[in-house]
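Working notes, structure below.
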Amino acid sequence: MRLHDFLPPDTAATRGAQELVAQFHSPGLGNHVQRSWLWAEAFAAIEGRTGIDHELLYTAALLHDIGLAPAYDNHLLGYEEAGGFVGEALTAGAGWPAARRLRVNEVIVRHNWPSVDPAVDPEGYLLETATGLDISGRRDEEIPVDFRREVLAAYPRLDLAEEFGACVSAQSQRKPHSHARRLVDGGLIGKLAANPLERL
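Heads up: the sequence shown begins at 11 in the working numbering, then just goes up one per residue.
Take a look at the structure:
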C-alpha cells in the first residue's frame, strides 16, 4: 500500500472542496482532512469494500471539518451539521442531483457519530473510522506502518492536537447540545495527545 495507490477524483466537486480547504483551513486542519481521506481509502482496501462512491467520499472527507472555520461556523448547529450543508451547497453547484447532495451531508454529519453501520452508509462508516484514527489513534495498527509513515510525511500533523482540541472545546462550550460536547466529555484532549500517530 503506497500513497500513489490513491488518487483523488478530478471533478468539479472535488476541485471545489480542495479550494475551500486551501482558503479556509489552517495547514494543520488541511493536512488532517487529506489524511482522513487517505485513511478512509486504506480501510476500504484493507476490508475489501467495493462499490464505494469515491467522489462522494473524497468530497465529504475534505469538507468534514469546514464547519470549524469561522466563515462557516453556525451559531446553533454543530460543526459537522454546518459542514454538511456546505457540502450540499458545493455539490449543488457541481450539478449533483438532490439525493446525492443529501448523501454528502449525511456522510459529513455521521463522521462525528460514535459508530456508523457500513451496511447502511459505507462512505459514512469509512469517514467515521478514518477520523477516529486521525484524532484518537483508533485501529492504527490495521494500517501498514510504512503507509502510515508515508502519509504522515506527505501531510504532517503539525499542531493538529492543540488546534483541533481548542476548536472543538470552544464549540462544546457554545453548543452544549452538540457532538462537540460529547467528544470533549469523552476525553478528546487526552486522546489527541495519546494518539500514536503523534510519535510515529
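Glycine included, every Cβ here is placed at the ideal spot set by N, Cα and C.
Taking C-beta separations shorter than 6 Å and ignoring five residues to either side along the sequence, the partners of residue 153 in its chain run 52, following chain order. Look at the segment 129–200 and you find these whole runs of alpha helix (DSSP H), each 4 residues long or longer: 132–146, 155–164, 170–184 and 189–195. Between residue 78 and residue 68, the CB-CB gap reaches or exceeds 9 Å. One thing to note: residue 49 has its Cβ within 9 Å of the Cβ of residue 144. For residue 74, there is no enclosing alpha helix (DSSP H), as DSSP gives it neither H nor E.
Residue 189 and residue 123 have their C-alpha atoms some 8 Å from each other. Take the alpha-carbon of residue 86 and the one of residue 104: they are about 27 Å apart. Across the set 83, 56 and 60, the C-alpha of 60 shows the shortest separation from the C-alpha of residue 131. Take residue 18, set aside five residues on each side of it, and the residues of its chain with a beta-carbon closer than 6 Å to its own are 24 and 68, in chain order. Boundaries of the alpha helix (DSSP H) harbouring residue 41: 37–56, taken from the DSSP string.
Within the same chain, Cβ atoms closer than 8 Å to the Cβ of residue 98 are found at 111, 112, 114 and 115, the five residues on either side in sequence being excluded.
Spanning the alpha carbons of residue 35 and residue 129 requires a straight line of approximately 32 Å.
Counting only the Cα atoms, residue 28 lies some 11 Å from residue 100.
A distance below 9 Å separates the beta carbons of residue 96 and residue 73.
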